[in-house]
Every structure is written in C-alpha cells, then in structure tokens.
Amino acid sequence: MSAVESLIKDIKNKKFSPIYFLAGEEPFFIDQITEVLEANVLTEEEKGFNQTILYGQDVDMNQVIAIAKQYPMGSDKSFVLVKEAQHLTRTIEDLDNYANQVQDSTVLVFNYKGKKLDKRTKIYKTLNSKGYYHEFKTLYTNEIPAWIEEKVKFNKQNIDQKAKFLLAEYVGNDLSRLYNELEKLKTIVGPQQTITIDEIERHVGISKEYNNFELRNAIENKNIEKAFKIIKYFEKNSKDNPMVVTMTIIFSLFTNIINYHIITDKSKANVAKEIGINPFFVQDLAVAANNYPLKKATRIISLIREYDLKGKGVNSSGNVTSSELLIELIYKIIHL
C-alpha cells in the first residue's frame, strides 16, 4: 500500500492527525487527500458551525492559528482548510509553536501547492518529526504503470500488462484523468475482475490496434505496413494523436536502443534498471536492438531530430502534413 493510500485509509477510519501539511509539485494527491478529509472529518450537519475554508493570500498565519484554536460546537472536531497556503511562506515559521501544542479537536489542513518547505527550517523539522508533513512529487512517465497497478489493486481489481502500459502511454502523467478513468472502469468492470485491453478500448476510447504503443512495436519489428496503417489512423484522429507525442516516443525508443547496445550486462533486470523501463519491455527492446545496430540507431536519432524540426516548420516546404512527415520518417528508419 502506498503512503497516499495508507493516509486515505487512516482518514476513512477516523484516525485523524491534528495537522496535514500537504506540499509539493503534484496537485492531484493534495486535492485527493483534501477531498477525503472534507468528506470524513465532519458530517454535513456539523460543517455549518465547524468548517472554515481560508485562502493563503487573504490571511496570515496568526489568523489561521487563532481560528484553529477555537473549540468545535456540537461536534468532536472542527475542520480548518487553508487553500493556496503557499502564499503564507513569509509567516510560515509562526506555525511552529502551534505545531508543538496543537488543538486536538481541530484538523488543520494546508494545501501548499507547487512548493515544498526548506528542510533546513525549524518548521519543516517540527512538522516532519511529528508526521504532519506530506510532500508529493510529480511522477515520472516510467512510474505511471506502477501507479496504475497500485490504484487498480486498491480498487480490488486486476489489470492486464498490455492494458496497463497502453493506458499509461495514452494518458501520460495526468493523474486526475487516470484516476477518473480507473474509477469508471472500477464501476463498469466490477470488483475482483481483470481490466483487459478490450475494456480499455471500449470504455476509455483508445484503439487497441492504432496507438503509439503498437506503432513502437511495429518500428521495433520493422513492420512497415502496420506502422503506415497506424499513421493513417492518427491522421484521421489527429486531436488524440498529436505528432509531437509520437515523435517523442520514437525518439525515446531509439535512445533506449542505443543504451541497450552500450550496456554490457544485458540481463532483463539490469537492462530495466539501467534504462529505466519496465522488465515487460526488455524482450521487445532486445528485438529492436537486433534490428537496429548501434551505428544505424545513432544515425536514426539525427534523422528524428531533422523531422522533428520539419514538423515545426523548419526546413519544410510548408504544405506537407504531419502524417506525411511521419510516413516519410518511418520509411527512412526502416530502410536505412
């Protein structure tokens, strides 16, 4: 169970901390935990007298603390939420005394988005030592499949490997959208069931045959017919398949191929670790490396850069479509 899931579980079980200082670059986790707190600390009837929502740009820390010290009315708890708390940076140290002598009947929540506390500061050390500080980093692309798997397990479901990677590649690290798609699949597919690639196609709107996942596979295997079919599909559905994303994926593929050639220890575990990919993809990468020797892969990187510039209008006639550029690029890659 991840730290976020553990935190949510405690909140739902009414095990509240007196302070939740939610910081970092990933707003999804901050919003998710805040929503769970709002739903569980007080009942709807109790919120009228005991819930206060403040905005960091409108208050200072002393005002926040004064409200947090008030006793609840007709309830065991009061709930104080400070949104946009990053605007309180100048007076943040004033929280230290309160953090050491909290009002146990208050649940005080800070949404400190896009920033984190300096670990050298007194307030960070106090909040962190007491378990009040929670920092959320933006997930890297290669961390998304694991996050999907965790979320699916939390929903008491399973997901096919291919379905997981297809969803990760299609949605990227937009965690809010991923969460919504998985919640939808939780309801449609049902508990204790497996989310398949067919379910992804039906309910998320991703074609299981025509996507960047399959395009990469076609290039790895030098299947030019399959690659061209996918590009033609992209042309008809350009809004969901922008050229910049496809170019990034092709560039990433050949960067990985070059790294694979350089690595001495080509065991699955070591390749996955050194290149930063899931072990699921190592065999496909080995096939691609066999089809594209190191010198050829290096030349292809230059070719990709050239066509990336053309896609942005540099050294291009101007009347060539994105799909035509991609078809031309892939033809050259496979026949180089």
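The sequence shown: position 254 = 254 (full-length UniProt numbering), numbered continuously.
Heads up, the beta-carbon is just placed ideally off N, CA and C, and yes, glycines get one too.
Where residue i falls, given that 16 or more other Cβ within 10 Å makes a residue buried
i	result
Lys122	exposed
Thr43	exposed
Arg202	exposed
Lys151	buried
Tyr20	buried
Arg90	exposed
Asn237	exposed
Gly56	buried
Lys119	exposed
Glu26	buried
Gln51	buried
Lys113	buried
Asn53	At residue 53 the sequence reads Ile, which differs from the Asn that was named. The residue in question, Ile53, is exposed, as its Cβ has fewer than 16 Cβ neighbours within 10 Å.
Gln101	exposed
Ser322	buried
Beta-carbon proximity of residue i to residue j, cut-off 7 angstroms
i	j	result
Glu214	Ile200	no
Ser78	Thr34	no
Leu22	His134	yes
Glu220	Ala288	yes
Pro279	Lys268	yes
Val109	Leu88	no
Leu325	Lys310	yes
Asn40	Lys12	yes
Thr246	Asn212	yes
Val204	Glu169	no
Lys234	Phe136	The sequence given here places Phe at residue 234; Lys does not occur at that position. No, they are not a contact pair.
Gln86	Lys125	no
Asn111	Leu139	no
Leu185	Ile195	yes
Arg216	Ile263	no
Ala68	Gln103	yes
Lys156	Ile334	no
Ile330	Ala227	yes
Asn142	Gly24	no
Residue span of the alpha helix (DSSP H) that contains residue i, given as start and end
i	result
Tyr331	Ser322 to His335
Thr246	Met243 to Ile262
Phe228	Ile224 to Lys236
Tyr179	Leu175 to Val189
Ile219	Asn212 to Glu220
Lys15	Neither: Lys15 is in no alpha helix (DSSP H) and is coded neither H nor E.
Asn291	Val282 to Asn291
Val171	Gln161 to Val171
Thr298	Leu294 to Gly311
Asn278	Note, Asn278: premise wrong, no alpha helix (DSSP H); not H, not E.
Lys153	Ile144 to Phe154
Ile200	Ile197 to Val204
Short CB-CB distance (under 7 angstroms) between residue i and chain C
i	result
Ile224	You won't find chain C in this structure, because it holds only one protein chain.
I want to know whether the stretch 229-241 touches the stretch 252-264 - three or more CB-CB distances under 8 angstroms. Too few Cβ pairs lie closer than 8 angstroms, so no.
4 or more residues per run - each alpha helix (DSSP H) lying fully within the UniProt domain "DNA polymerase III delta N-terminal" (20-133): Here the runs fully enclosed are 27-40, 44-50, 61-68, 95-100 and 122-129.
Would you say the stretch 45-63 touches the stretch 205-221, given that touching needs at least three Cβ pairs under 8 angstroms? With the cut-off at 8 angstroms, the stretch 45-63 and the stretch 205-221 do not touch.
Is it a yes or a no for the stretch 118-132 touching the stretch 156-166, going by three-plus beta-carbon pairs under 8 angstroms? Flag = no, the stretch 118-132 and the stretch 156-166 do not touch.
Count the CB pairs spanning the stretch 85-101 and the stretch 4-15 that are closer than 8 angstroms, and state whether there are at least three. Too few Cβ pairs lie closer than 8 angstroms, so no.
May I ask you to verify whether the stretch 174-192 touches the stretch 293-311, counting CB pairs closer than 8 angstroms and requiring at least 3? With the cut-off at 8 angstroms, the stretch 174-192 and the stretch 293-311 do not touch.
Across the stretch 46-54 and the stretch 65-76, are there enough close Cβ pairs to call them in contact, namely three or more that are closer than 8 angstroms? Enough Cβ pairs lie closer than 8 angstroms, so yes.
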